[in-house]
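Novice: Those letters in the sequence shown? Residues 1 to 227, by full-length UniProt numbering.
Even for Gly, the Cβ is constructed at its ideal location relative to N, Cα and C.
Remember, predicted model here, so these are calculated numbers, not experimental data.
Can you keep this structure in mind? I'll have questions shortly.
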Amino acid sequence: MAAGPILQLTGVGRRYNEIDRELVILNDANFALGKGEMVALVAPSGAGKSTLLHTAGLLERPDSGDVILSGRSCGTLSDEERTAIRRNDIGFVYQFHHLLPEFSALENVMMPQMIRGMKPGIAAERAQQLLDYMKVGARASHRPSELSGGEQQRVAIARAVANAPLVLLADEPTGNLDPVTSSYVFEALEALVRQSGLSAMIATHNFDLARRMDRRVTLKDGKITDL
Numbered sequence: 001m002a003a004g005p006i007l008q009l010t011g012v013g014r015r016y017n018e019i020d021r022e023l024v025i026l027n028d029a030n031f032a033l034g035k036g037e038m039v040a041l042v043a044p045s046g047a048g049k050s051t052l053l054h055t056a057g058l059l060e061r062p063d064s065g066d067v068i069l070s071g072r073s074c075g076t077l078s079d080e081e082r083t084a085i086r087r088n089d090i091g092f093v094y095q096f097h098h099l100l101p102e103f104s105a106l107e108n109v110m111m112p113q114m115i116r117g118m119k120p121g122i123a124a125e126r127a128q129q130l131l132d133y134m135k136v137g138a139r140a141s142h143r144p145s146e147l148s149g150g151e152q153q154r155v156a157i158a159r160a161v162a163n164a165p166l167v168l169l170a171d172e173p174t175g176n177l178d179p180v181t182s183s184y185v186f187e188a189l190e191a192l193v194r195q196s197g198l199s200a201m202i203a204t205h206n207f208d209l210a211r212r213m214d215r216r217v218t219l220k221d222g223k224i225t226d227l
């Protein structure tokens, strides 16, 4: 474990204004994710898991507090700076794969690398290596519609780590899959995280998967607490 956390939330508040009230989702929330650590975020629907992941991943700005990534305060950065950090240092996986339907699996994994400025040949080589690691290398030329649900999600994971991020944030990454496929996809994700030294925060309703991670946290009254 590194001397300091790779990702830290300090006193984070996040609220939304509805017609007749203010809805508080995060309230002075504090959290630290260590280097190479896998943390399960387990909470009921509506508790704010997605809001927490979006705030930690710099997709949403906190109303108070700060998000610190690798020692760098991100609370007052410009939108352009936050976008660069998301592109280079944070990987996202969602419940639905969100692969681009008109591109092959290989091209989908190449895309974030090329946006970052990598040459196509190098991007293609790394994309193929990642697909091979996720055991979908033989499906590299197939478009998302030609892949099974489990294959689609494994391609989405490969895409999320294509730029070798510091942190992987996953929102119910196996939520749309049957139990057998869910376990298979999680095993591939876990192996990738352990092998690469990634830090990961994974929201899940699956307690069997949550127990396989280093620790478990939940959201209660807008605060992050250990389970």
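1) Mapping the DSSP letters down to three states, classify Leu7 as helix, strand or coil.
2) Alpha carbon to alpha carbon, how far is Met1 from Glu81?
3) Please name the residue in Val67, Arg21, Ser73, Leu59 whose C-alpha comes closest to that of Arg87.
4) I need the straight-line Cα distance from Leu99 to Gly75, nearest angstrom please.
5) Give the DSSP-derived three-state secondary structure of Met111 in the structure shown.
6) Buried or exposed: where does Leu23 fall if 16 or more other Cβ atoms within 10 Å of its Cβ makes it buried?
7) Could you tell me the alpha carbon to alpha carbon distance between Gly4 and Gly197, rounded to whole angstroms?
8) Does Ala40 come out as helix, strand or coil in the three-state DSSP assignment?
9) Do you know whose CA, among Gly175, Asp171, Asn163, lies nearest Gly149's CA?
10) With H, G and I counted as helix, E and B as strand and the rest as coil, what does DSSP make of Phe92?
11) In chain order, which beta strand (DSSP E) runs of at least 3 residues are fully inside the region 171-224?
12) With a Cβ-Cβ cutoff of 8 Å, do Ala105 and Thr218 count as a contact?
13) In terms of residues, what are the limits of the alpha helix (DSSP H) holding Asp132?
14) In chain order, what residues of the same chain have a beta carbon less than 6 Å from the beta carbon of Glu37, not counting five sequence neighbours either side?
Specialist: With the given structure in hand:
1) Residue state, collapsed to three classes: strand.
2) In this prediction, Met1 scores a pLDDT of 39, lower than 50, which makes its location untrustworthy; the coordinate-derived value is nonetheless stated afterwards. When the Cα atoms are used, Met1 and Glu81 turn out to be separated by approximately 27 Å.
3) When each option's Cα is compared against that of Arg87, the closest is Leu59.
4) Straight-line measurement puts the Cα of Gly75 at about 30 Å from the Cα of Leu99.
5) Here Met111 sits in helix by DSSP.
6) Exposed.
7) Each residue's Cα considered, the two are about 15 Å apart.
8) Of the three classes helix, strand and coil, the one that applies to Ala40 here is strand, per DSSP.
9) Answer by Cα proximity: Gly175.
10) If DSSP states are grouped into helix, strand and coil, Phe92 belongs with the strands.
11) Within the region 171-224, the complete beta strand (DSSP E) runs of at least 3 residues are 199-203, 215-220.
12) Cβ distance not < 8 Å, so Ala105 and Thr218 don't count as in contact.
13) Its alpha helix (DSSP H) spans residues 120-133.
14) Cβ neighbours of Glu37 beyond the five flanking positions: Ser199, Asp214.
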